[in-house]
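Encoded as structure tokens, the structure appears first; notes follow it.
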Amino acid sequence: MVSRLRLMTLFLFLFIGIANAQVSRVSGVVLSADDMEPIVGATVLVNGTSIGTITDVDGFYTITDIPASAKTLTISYVGMKPEQLPIKAGEQRTLLQTDSKMVDEIVVTGYGVTKKAAFTGAATTVGSEKIANKMDANPIKALEGTVPGLQMNIASGQPGAPANIFIRGRNSLNSGTQPLYIVDGVPFNAEIVGVRSSEGQESSPLANLSANDIESMTVLKDATATSIYGARAANGVIVITTKKGKAGQVRVNLTAKLGVQMMPAYKHFKSYPLGADKYLELWREANANNYAAYGDYGSVGYYMNALGYPYTNEGYDEFLNWGIDNTSPAGTKTNWLDEVTRTGFTQEYNVDVQGGSSDPRGPRYYLSLGFLGDNAIVIGKDLKRYSFRYNFDQEPSKYVKFGVNTNFSFTMTNMGAGGGYF
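Going by this note's numbering, the first residue of the sequence shown is number 232, and it counts up by one from there.
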């Protein structure tokens, strides 16, 4: 009885193997995982053979005369990650994911999205990976060193400080030279703000955008931008596209970034700031030079005569103590650089939910919450930002499409003084 059972099991496995080997025809449909639209012209190849085909206008494919030794198919398309699937009976549905490494092949213009190969203007696109890797309150600084021909000057280490960008060089001495910013198709006012802007203490409205929410930034460099946006694009255009929902999937991301900022090694500042002894030496020398040049008519002579101090090192020391009202204990030496600097610390936390209906006509959404805290190396200069973004879009028919893009942020900035005062 046992031998008969083993024999029947062996025949059953042989029958299954023969049935699998006899699959000589496969069919299926290939869709984009982003919007569930059919992919036209995707390559479907039987691995290990030269047998293959491409998908039709509806994304369908059929392959016949598949050899018994073939086990898998490879489906590929330009700009998307290839997929492998087993050869089996019945129609198969395959979703291809967008390859983030190919984002540079897409250019966002005022008229929509186009392939870079079909775009006749000069443009450079920076993807979300490069943008999110930079830890700065102002996401526009991610373009530094990544866009050919773009010059960026950053004159301040203040968190959220603006960046002066020149796409076509300094083509004007008096008028504005900054590019036009477009966020999700809407012109964005990026004029610098700050109650102490006259002292160089400024903040950029772009610091209210979270780098985690940006899908791409496209820099339009040449005159073709003016045909889209008019005279405002004379200095170039930077098009910022935020993230949207993905059809047929729900993805939750939680990111945390921590960083520190430190002064260079102190040995590079051994002569700045001056120690007490060095400062006293230079003070005496400066007063002696002033008196030698101007005598009693100079500022040193005026005060020294009025106070009755002798023109000696001891007299100059007394003049110094009178001028600064020195109440420190004798021998006190303060390193003022250490008193006003610290080890800077940056922390950023983001959580986002991205998803949508598997129906190509269904809704898609993107929701994110973020916090950024940036303490600069100078005490009294810091920034805190709380951000919220909600993007929603739907295309219920071929002729109707609508959506909502919202961004709320609350930013607190301490700018401190812009310079020293005597």
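Just so it is clear, CB atoms sit at the ideal spot from N, CA and C, and this is done for glycine as well.
About 18 Å separates the Cβ atoms of residue 322 and residue 283, ruling out a contact at the 8 Å cut-off.
By the C-beta density criterion, residue 386 is exposed, having fewer than 16 other C-beta atoms within 10 angstroms. Annotation: the continuous alpha helix (DSSP H) that includes residue 538 extends over 530–538.
Within the model, the alpha-carbon separation for residue 474 versus residue 581 is close to 14 Å. Non-local C-beta neighbours of residue 263 in its own chain, meaning closer than 7 Å and more than five positions away in sequence, comprise 270, 327, ordered along the chain. Judged by DSSP secondary structure, residue 447 falls within the beta strand (DSSP E) whose first and last residues are 445–451. Annotated as distal: residue 330 and residue 443, with beta-carbon spacing of 8 Å or more.
Around the C-beta of residue 320, fewer than 16 other C-beta atoms lie within 10 Å, and the residue is accordingly described as exposed.
By the Cβ test, the region 285–295 is not in contact with the region 608–618, since fewer than three Cβ pairs between them sit closer than 8 Å. Taking C-beta atoms as the reference points, residue 265 and residue 478 count as a pair closer than 8 Å.
Between residue 463 and residue 585, the C-beta gap is not smaller than 8 Å, which leaves the two residues out of contact. Taken atom to atom, the span from the alpha-carbon of residue 523 to that of residue 542 is near 11 Å. The DSSP-derived three-state label of residue 418 is strand. Straight through space, the alpha carbons of residue 601 and residue 641 are spaced by roughly 11 Å. With fewer than 16 neighbouring CB atoms inside 10 Å of its own CB, residue 454 falls in the exposed class.
The beta carbon of residue 598 sits closer than 6 Å to those of 584, 621, all from its chain and outside the five residues before and after it, given in chain order. Taking residue 492 as the centre and dropping the five residues before and after it, the same chain places the C-beta of 575, 608 closer than 6 Å to its C-beta, in chain order. Beyond the five residues adjoining it in sequence on each side, residue 457 comes within less than 7 Å, by CB distance, of 464, 465 in the same chain, given in chain order. Residues 535, 540 of the same chain have their beta carbon placed closer than 8 Å to that of residue 546, with the five preceding and five following residues left out of the count. Per the C-alpha coordinates, the member of 553, 274, 256, 507 positioned closest to residue 297 is 256.
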